[in-house]
Amino acid sequence: MGDVPVEMSRERFEELVGDALDEVPEELLALMSNVVILVEDDPPPGDPELLGLYEGHALTERGWDYSGVLPDRILIYRRPILRICDSDEDVVDEVAVTVVHEIAHHFGIDDDRLHELGWG
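Residue numbers for the sequence shown, in full-length UniProt numbering: 1 to 120.
The structure is reproduced here in structure tokens:
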């Protein structure tokens, strides 16, 4: 996959994901429903620059029959984030932005609107 500017163990990266979650507004986290946040080393084949991914049913798409489903997943991809960061602080900032971006998808906000809001 190539060299990364920041060498970091998966354990340390997961700690920084926790730090990044502390940066996400509490009001936003409190509104999330049936979502887990997971760390993966690499994104799906064919999309090597992907930093995060939301998989699931946005709150805006959940109807009266939404029940008994597996939790939505927010995936944070470790290696692509490390490739674009120069320090631990950069990693925390980038993960926080990526998590907020994916949480926004959970709320039904699309990429165009995210870019307008400065979270692109």
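Note that CB positions come from ideal geometry on N, CA and C, so glycine has one too.
Residue i - partner residues in DSSP beta bridges
i   : result
I37 : I74
L53 : L75
Residues of its chain near residue i, where Cβ-Cβ distance is below 6 Å and the 5 sequence neighbours each way are ignored
i    : result
E40  : L75, Y77
T60  : G108
E55  : R73
L53  : L75
A104 : L114
E94  : I81, C85
S67  : none
Close Cβ partners of residue i (< 7 Å) along its chain, the five nearest in sequence each way excluded
i    : result
R113 : none
M32  : I103, H106
P71  : N34, V35, V36
Expected contact under 8 Å - CB spacing of residue i and residue j to nearest Å
i    : j   : result
A96  : A30 : Not quite, the Cβ-Cβ distance comes to about 17 Å (not below 8 Å), so this is no contact.
V92  : I81 : Not a contact, Cβ separation roughly 10 Å.
H106 : V35 : 6 Å
R79  : D42 : 5 Å
Contacts around residue i, its chain only, beta-carbon distance under 8 Å, and the 5 residues preceding and following it disregarded
i   : result
V24 : A96, V99, V100, I103
E15 : none
R10 : V39, D41, R78
E89 : none
L50 : P43, P44, Y77, P80
Residue i: CB within 7 Å of a non-hydrogen atom of the ligand GTP
i   : result
V17 : Judged by which ligands are present, the structure shown has none, so any question about the ligand GTP falls away.
Open item on the list: Assess contact between the segment 78 to 98 and the segment 9 to 20, defined as three or more Cβ pairs (one per stretch) separated by less than 8 Å. Is contact present?
Closed with: yes
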